[in-house]
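**Student:**
Residue numbers (our numbering): 181 to 395.
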């Protein structure tokens, strides 16, 4: 998908988000303007993807479960939007290699460390996959908490509801210390635990009235 088309979709989604979800963004000053970066967010709804996407002016790439790509038409759409299929339950070296190339090229990647949507609106335990990616790319991680999307479209719901949505960005996390102190699984565990702890901290700000909207 061309940058021009992506830009049009970004503006359209942003306008709809403001109109229907009283959409606000907190912590936009923490967004890196250049360089490879991972955005690590909670995952409460399918709407997280669009509503996170239109909060960042840089083009975002996403990792998605490979079973989302079984339909040929849907697969082409997702890939054109920057989605990377990831096989769950194993180390997908092809997907991780693609992700590493993107980050080394200075792109922005979105990861939902929980691995799937929450069934009850609460933050779930993270998975170490983000640790593998960060350890390889040696890039900063921006923690994100998306508040309100569980009310907009919870798991099992058929219709989107108009509810307030707030996207909260934290300061970028640097893992230089962990990279020097740990290796292998221990390193991956320390990375994802720190990321999940920070996302949890940001959940409190998701209920705040103070925001700095990008519009």
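Heads up, the beta-carbon is just placed ideally off N, CA and C, and yes, glycines get one too.
Given the structure is predicted, the values throughout are model-derived calculations rather than measurements.
#1: May I have the straight-line CA-CA distance separating residue 206 from residue 278, to the nearest angstrom?
#2: Skipping 5 residues on each side, what residues in its chain have a beta carbon closer than 7 Å to that of residue 329?
#3: Tell me the rounded alpha-carbon separation between residue 304 and residue 316.
#4: Closer than 8 Å by C-beta to residue 236: which residues in its own chain qualify, once you throw out the five before and the five after it? Chain order, please.
#5: Between the Cα of residue 297 and those of 311, 336 and 341, spot the shortest distance and give me the residue it belongs to.
#6: Select from 320, 343 and 334 the residue whose C-alpha is nearest the C-alpha of residue 203.
#7: Give the DSSP-derived three-state secondary structure of residue 396 in the structure shown.
#8: Alpha carbon to alpha carbon, how far is residue 262 from residue 395? Give it in angstroms, no decimals.
#9: Are residue 362 and residue 311 closer than 7 Å when you measure CB to CB?
**Tutor:** Straight from the coordinates:
#1: Here residue 206 refers to the residue found at position 26 of the chain shown. Here residue 278 refers to the residue found at position 98 of the chain shown. CA-CA distance, residue 206 to residue 278, rounds to 30 Å.
#2: Position 149 of the chain shown, counted from the first residue, corresponds to residue 329. For residue 329, where only same-chain residues beyond five positions count, the Cβ hits under 7 Å are 224, 225, 227, 228, 231 and 345.
#3: Within the chain shown, residue 304 is the residue found at index 124, counting from 1. Within the chain shown, residue 316 is the residue found at index 136, counting from 1. Per the coordinates, the alpha-carbon of residue 304 lies some 24 Å from the alpha-carbon of residue 316.
#4: Locating residue 236 in the chain shown gives position 56, counting from the first residue. Cβ neighbours of residue 236 beyond the five flanking positions: 211, 219 and 288.
#5: For this step, residue 297 is matched to residue 117 along the chain shown. Among 311, 336 and 341, the Cα nearest to that of residue 297 belongs to 336.
#6: As a first step, residue 203 must be located in the chain shown, where it is residue number 23. Looking only at 320, 343 and 334, the smallest Cα-Cα distance to residue 203 is reached by 343.
#7: Coverage of the chain is limited to positions 181 through 395, which leaves residue 396 absent and any answer about it impossible.
#8: Along the chain shown, one-based indexing puts residue 395 at 215. Along the chain shown, one-based indexing puts residue 262 at 82. Only weak support exists for where residue 395 lies, its pLDDT of 39 falling under 50; the value from the coordinates is given anyway. Between the alpha carbons of residue 395 and residue 262 lies a distance of about 24 Å.
#9: Start at 1 with the first residue of the chain shown, and residue 362 comes out as number 182. Start at 1 with the first residue of the chain shown, and residue 311 comes out as number 131. Cβ atoms of residue 362 and residue 311: not closer than 7 Å.
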